[in-house]
Every structure is written in structure tokens, then in C-alpha cells.
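Q: Okay, handing you the structure first.
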Amino acid sequence: VHLAIVILALIYSTSEWAVFAQLVVVWSIDPACAIEGIAFDSFGASEVQARQASSTVLSISTISIAVSCTVGGLLYDAAGWTGVTAYHCA
169 VHLAIVILAL IYSTSEWAVF AQLVVVWSID PACAIEGIAF DSFGASEVQA RQASSTVLSI
229 STISIAVSCT VGGLLYDAAG WTGVTAYHCA
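The sequence shown lines up with residues 169 to 258 when you count with the numbering used here.
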């Protein structure tokens, strides 16, 4: 579903409906719960490992959001919505 919406957004990069559909799909298919569940399942045997795993997942999420916003902004400035859509596809 996500790839189909991204392809439509690449084709219709200036259409508001395509950008809106892409944003809805990106927000609705959020893998954060699955990643946290996998980390807890793998490292939940002890309190120390569970604490370290949750700290690592939180750190990675924070860094990835900060980098994604920066790279997305640079791509928007350079290539507009077409660049942002290609970035979502990558």
C-alpha cells in the first residue's frame, strides 16, 4: 500500500491529494510499536537488558526523526515535493 501511494505521489507530485495520501500512509504504517515489541521480546529476560533495549530504541527513534526532518527539509528546498516523495520511497 505504501509503495503504491508513493508511486502515485511521484507521478502526481504537485497534486494535493497525492501528498495528503502519502502523509496518511506514512503516519498510519508506523513500525515503532513493532520495533519496541521485538526489542522487549528479545531483551526482556532481565531488567537491565530491557532497560538498555528501551533506551537504545528511544535513542534511535530520536536520532532518526531529527535526521529525517533535516534531510527532508534539504530535499524539499532542493527538489520540492518530488524530492520528498523520492525520499519516502527510499
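By construction, the Cβ of each residue, glycine as well, lies at the ideal position given by its N, Cα and C atoms. As the structure is a computational prediction, the values presented were derived from the model and not from experiment.
Can you tell me the Cα-Cα spacing of A185 and A218, whole angstroms?
A: Numbered from its first residue, the sequence shown carries residue 185 at position 17. Numbered from its first residue, the sequence shown carries residue 218 at position 50. Reading off the sequence, residue 185 comes out as Trp, not Ala. So the two alpha carbons sit approximately 42 Å from each other.
Q: If T253 sits next to S181, beta carbons under 8 Å apart, how far is it from one beta carbon to the other, in whole angstroms?
A: The residue labelled residue 253 in the question sits at position 85 within the sequence shown. The residue labelled residue 181 in the question sits at position 13 within the sequence shown. Right, the Cβ-Cβ distance comes to about 6 Å (below 8 Å), so this counts as a contact.
Q: Leaving out five residues on either side along the sequence, give the residues of the same chain with a beta carbon under 6 Å from the beta carbon of C257.
A: By one-based count along the sequence shown, residue 257 stands at place 89. V174, listed in sequence order.
Q: Exposed or buried, which one is A207 when buried takes at least 16 other CB atoms within 10 Å?
A: The sequence position of residue 207 within the sequence shown is 39, counting from 1. A207 should be labelled buried.
Q: Which same chain residues end up closer than 7 Å to E204 when comparing Cβ atoms and leaving out the 5 residues on each side of it in sequence?
A: Counting from 1 along the sequence shown, the entry for residue 204 is found at position 36. Taken in chain order, the residues that qualify are V225.
Q: From W195 to I233, what does the alpha carbon distance come to, in whole angstroms?
A: Residue 195 sits at position 27 when you count from the first residue of the sequence shown. Residue 233 sits at position 65 when you count from the first residue of the sequence shown. Roughly 13 Å between the two C-alpha positions.
Q: Given a cut-off of 8 Å on the beta-carbon distance, is the pair T307 and L171 in contact?
A: The chain is shown from 169 up to 258; residue 307 falls before or after that span and cannot be answered.
Q: Count the other C-beta atoms from every protein chain shown that fall within 10 angstroms of the C-beta of Q220, then say buried if there are 16 or more, exposed otherwise.
A: As a working mapping, residue 220 is identified with position 52 in the sequence shown. When all chains shown are included, Q220 counts as exposed.
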